[in-house]
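The listed protein sequences derive, respectively, from chains A and B. In terms of the working numbering, the numbers along the first sequence are unbroken and rise by one, the last being 290. In terms of the working numbering, the numbers along the second sequence are unbroken and rise by one, the last being 1301. So the structure is just underneath, and the comments pick up after that.
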Amino acid sequence: MQRLAEAAPAMASHASAEPGWFTRHRRLLGDAATLVLLALVLFPFIWLVQMSFRPNRDIFGYDLLFTPTLVHYRSLWTGAFSASFVNSTITSVASTALALLIGVPAAYALSRGNFRSSRRIALWILATRMAPPIAFTIPFFLAYRFLGLLDTHVGLILIYLTFNLALVIWMMQPFFDGVPRELEEAAWIDGCGVWQAFRVVTLPLASPGLAATAVICFILSWNDFFYALILTRTNASTAPVAIVNFIQYTGWEWGRIAAAGTLVMLPVVVFAMLVRNYLIRGLAAGGSKE
Amino acid sequence: MAAAESDWNERRRRSFLLGLIPALAVLAAITVAPAIYLVLTSLTPLNLTLPETAWDFSEPQINYVELWEDPRFVHSVVVQVKLSAGTVALQLLAGLGFALLLDRATPIRRFARAGFLVPMVLPPIVVGILWRVMFTVDVSPMHRFMDWLGWPVRSILTDPTLALPAIVAVETWEWFPFTMLMVLASLQMIPQSPVEAARIDGASDWQVFRYITFPFIRQTLVVAGLFRLIDSIKAFPLIYVLTDGGPGDVTEVTNYYAYRQAFQFSLWGYGSAIATLLVAGIFLISWIIDRMTGRVHAEAG
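Below is the structure:
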């Protein structure tokens, strides 16, 4: 009887202080689960990267110790692939720059101007973001055929504006909303014109947003496959299309395909990590509007 | 003084318009003009091999009537519905699960938040190639692993019953980070005091999720789902690299069928009609999004 009375409080304190192994190690278990899931999710990605460094005789091997080789990369460098890489860079950079040049002033004007049709313009931009690419490609293809813009850089740069321009306006507007108006007003009193005050005062303050927007435009243009597949043939074909082309020519040469895939995704992954906090605003334009 | 101020306001207004107009003009030229051209083309039997079909409006409804009776089109819509329903549901589930796991900010989980973004930002064509490696029997480590387990799997992409589920799985892999990010952002805005109060009252994890967390993020899930729904209608590169719409036509979604009609069969009028219907469907969903985000805004304000 006495022993039981002694045991009871001990049990009670045990139950409250030590809620079981599982609950106690929740944080550890969660971290472990996170790492396992991360490894599983990224496995196909890591597999392609390691494949690109394997010599051909051992291309499907899975031993961790192998002598990496750059032979696949070297063969890409000497082949037609490097030209497509240049094309990708030209079209992505030019389209991003053009979209910023036209879109940034518009975003600022929408942020400050109190236009009655602001809401309608916002809807129009959302509709542009939503429209399926096939709806643009058919008329653009027919028009380009007539204008001689098929398989040119200009043609691609223009069609990339369909998504980049809408994106710039949508992304930049909240950044400008976040810059206090008092600063510009002070500049106006000092005799600055509207656009001078914008350039000297507002734009520098919104520059992190500007950088993020530029990077997301670049990623979207760089990643495009559908427009480039249809509107280019050889001269202006971008890297994603070049990969598909050489698959069609030479079949599935896994080493080279892995190397090409790695090269194409490398800049995007690096850039995306830089702007990861802004990604959702860019990709969900309209879903997170203020 | 008042006159000077209103003069300045007028000048300011004009300056703003000057900044806005180039963008609107370009946007109109590259979106409205093509849209009109698309709809007009859809009213003609345009076939680039027959030049006289270009502006032939004698039977404007013909493409739409044909679509109605085209079993391959109807089939493509069915495939589209299956693909979209499957992948959106899975993306929401996976995105929600990962977001709940990553919500707690330990150093490892903060690092993983960045790592999980990778699938979403990869060029879609590379996603296709990654999974082509995974699905090609003599190449894939996945198939080798299944063999080793004594449970060999036949080629998935050429199997009519498995090809579409495979596309759904890859699409989910590629896009669950989107839902994850949106839900994560929303989770971090949940006020902590009701959660703590509920815990003191002895609520279980499930009860906290069911009665506090879930109502708070429900709207985000709906919006994320609608976004993913719209993007799933545009699925192209994955299908192009993995199955080319096959085997047969089991993975031929509507978007892919429109591409075939226009760019492979040169039936531009017919392809335009399909594209027009796609645009109409997508705008309907966008309108719903706009209504819903408007409501979020109203609730928050």
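Using N, Cα and C, we set each Cβ at its ideal position, and we do this for glycine too. Note that this is a predicted model, so its numbers are computed, not measured.
Does the beta-carbon of residue i have 16 or more other beta-carbons within 10 angstroms, so that it is buried, or is it exposed?
i: residue 1291 of chain B; result: exposed
i: residue 260 of chain A; result: buried
i: residue 270 of chain A; result: exposed
i: residue 1015 of chain B; result: buried
i: residue 252 of chain A; result: exposed
i: residue 290 of chain A; result: Low per-residue confidence applies at residue 290 of chain A: pLDDT is 35, beneath 50, and the placement is therefore not dependable enough to give any value.
i: residue 8 of chain A; result: In this predicted model, residue 8 of chain A has a pLDDT of only 44, less than 50, meaning its place in the structure is not dependable; the value taken from the coordinates is given anyway. Exposed, because fewer than 16 other Cβ atoms sit within 10 Å of the Cβ of residue 8 of chain A.
i: residue 103 of chain A; result: buried
i: residue 1174 of chain B; result: buried
i: residue 1188 of chain B; result: exposed
i: residue 1171 of chain B; result: buried
i: residue 1063 of chain B; result: buried
i: residue 117 of chain A; result: exposed
i: residue 1006 of chain B; result: exposed
i: residue 249 of chain A; result: exposed
i: residue 1035 of chain B; result: buried
i: residue 1231 of chain B; result: buried
i: residue 189 of chain A; result: exposed
i: residue 136 of chain A; result: buried
i: residue 14 of chain A; result: At residue 14 of chain A, the pLDDT of 45 sits below 50, so the modelled position is not reliable; the number obtained from the coordinates is stated separately. Per the 10 Å Cβ criterion, exposed.
i: residue 58 of chain A; result: exposed
i: residue 1091 of chain B; result: buried
Between which two residues does the alpha helix (DSSP H) harbouring residue i extend?
i: residue 192 of chain A; result: Segment: none, residue 192 of chain A is in no alpha helix (DSSP H) and carries neither H nor E.
i: residue 1123 of chain B; result: No alpha helix (DSSP H) contains residue 1123 of chain B, which DSSP labels as neither H nor E.
i: residue 1226 of chain B; result: 1214-1233
i: residue 265 of chain A; result: 254-274
i: residue 1066 of chain B; result: 1062-1069
i: residue 1194 of chain B; result: 1192-1200
i: residue 1171 of chain B; result: 1163-1187
i: residue 1056 of chain B; result: Residue 1056 of chain B -> no alpha helix (DSSP H), and no H or E assigned at all.
i: residue 148 of chain A; result: Where residue 148 of chain A is concerned, there is no enclosing alpha helix (DSSP H), given that its DSSP letter is neither H nor E.
i: residue 118 of chain A; result: 118-130
Out of the options, which has the shortest C-alpha to C-alpha gap to residue i?
i: residue 1158 of chain B; options: B/1251, B/1278, B/1003, B/1199; result: B/1251
i: residue 258 of chain A; options: A/32, A/55, A/20, A/24; result: A/55
i: residue 87 of chain A; options: A/185, A/23, A/242; result: A/242
i: residue 1222 of chain B; options: B/1146, B/1183, B/1102; result: B/1183
i: residue 1156 of chain B; options: B/1136, B/1146, B/1148; result: B/1136
i: residue 1212 of chain B; options: B/1224, B/1191, B/1220; result: B/1191
i: residue 235 of chain A; options: A/150, A/92, A/72, A/201; result: A/150
i: residue 1081 of chain B; options: B/1149, B/1288, B/1278, B/1287; result: B/1278
i: residue 1011 of chain B; options: A/254, A/195, A/237, A/262; result: A/195
i: residue 1024 of chain B; options: A/137, A/168, A/61, A/33; result: A/168
i: residue 50 of chain A; options: A/267, A/262, A/268; result: A/262
i: residue 1099 of chain B; options: A/70, A/30, A/74, A/76; result: A/30
i: residue 1233 of chain B; options: A/237, A/34, A/133; result: A/133
i: residue 1178 of chain B; options: B/1240, B/1143, B/1050, B/1220; result: B/1220
i: residue 202 of chain A; options: A/179, A/281, A/24; result: A/179
i: residue 130 of chain A; options: B/1235, B/1050, B/1066, B/1093; result: B/1235
i: residue 61 of chain A; options: A/71, A/254, A/176, A/264; result: A/254
Take every Cβ of the segment 1186-1206 of chain B, pair it with every Cβ of the segment 1164-1171 of chain B, and state whether three or more of those distances are shorter than 8 Å. no
Taking any Cβ of chain A, which residues in the segment 1262-1273 of chain B have a Cβ under 8 Å from it, in chain order? 1262, 1263, 1268, 1271, 1272
I want to know whether the segment 1116-1124 of chain B touches the segment 209-223 of chain A - three or more CB-CB distances under 8 Å. yes
Within 8 Å, do at least three Cβ pairs link the segment 1081-1095 of chain B to the segment 204-223 of chain A? no
Members of the segment 1243-1260 of chain B near chain A, C-beta cut-off 7 Å: 1255, 1258, 1259
Counting Cβ pairs, one atom from each stretch, are 3 or more of them under 8 Å apart for the segment 1105-1118 of chain B and the segment 20-39 of chain A? yes
When you check each C-beta in the segment 36-70 of chain A against every C-beta of chain B, which residues fall closer than 9 Å? 37, 38, 41, 42, 43, 44, 45, 47, 48, 51, 59, 60, 62
Any contact between the segment 199-211 of chain A and the segment 128-146 of chain A? By contact I mean 3 or more CB pairs, one from each, below 8 Å. no
Would you say the segment 43-61 of chain A touches the segment 1124-1134 of chain B, given that touching needs at least three Cβ pairs under 8 Å? yes
Are three or more beta carbon pairs between the segment 120-133 of chain A and the segment 262-277 of chain A nearer than 8 Å? no
Taking any Cβ of chain B, which residues in the segment 128-141 of chain A have a Cβ under 9 Å from it, in chain order? 128, 129, 130, 131, 132, 133, 134, 135, 136, 137, 138, 139, 140, 141
Does the segment 92-108 of chain A come into contact with the segment 165-174 of chain A, if we say contact requires no fewer than three beta-carbon pairs (one atom in each stretch) closer than 8 Å? yes
Any contact of the segment 156-165 of chain A with the segment 93-101 of chain A, i.e. 3+ C-beta pairs under 8 Å? yes
Any 3 or more C-beta pairs closer than 8 Å across the segment 1262-1277 of chain B and the segment 1037-1047 of chain B: yes
Touch check for the segment 110-120 of chain A and the segment 1008-1022 of chain B: three-plus C-beta pairs under 8 Å? yes
Mind checking the segment 223-244 of chain A against chain B and listing, in chain order, the residues whose C-beta falls within less than 9 Å of any C-beta there? 223, 224, 225, 226, 229, 230, 239, 240, 241, 243, 244
Three Cβ pairs or more, each shorter than 8 Å: is that satisfied between the segment 150-160 of chain A and the segment 227-234 of chain A? yes
Check each residue of the segment 1115-1131 of chain B: if its Cβ is closer than 9 Å to any Cβ of chain A, include it; give the result in chain order. 1115, 1116, 1117, 1118, 1119, 1120, 1121, 1122, 1123, 1124, 1125, 1126, 1127, 1128, 1129, 1130, 1131
When you compare the segment 1254-1270 of chain B with the segment 1057-1077 of chain B, are there three or more beta-carbon pairs, one atom per stretch, that lie closer than 8 Å? yes
Taking any Cβ of chain A, which residues in the segment 1068-1088 of chain B have a Cβ under 8 Å from it, in chain order? none
Given a limit of 7 Å on CB to CB distance, which residues of the segment 106-117 of chain A reach chain B? 106, 108, 109, 110, 112, 113
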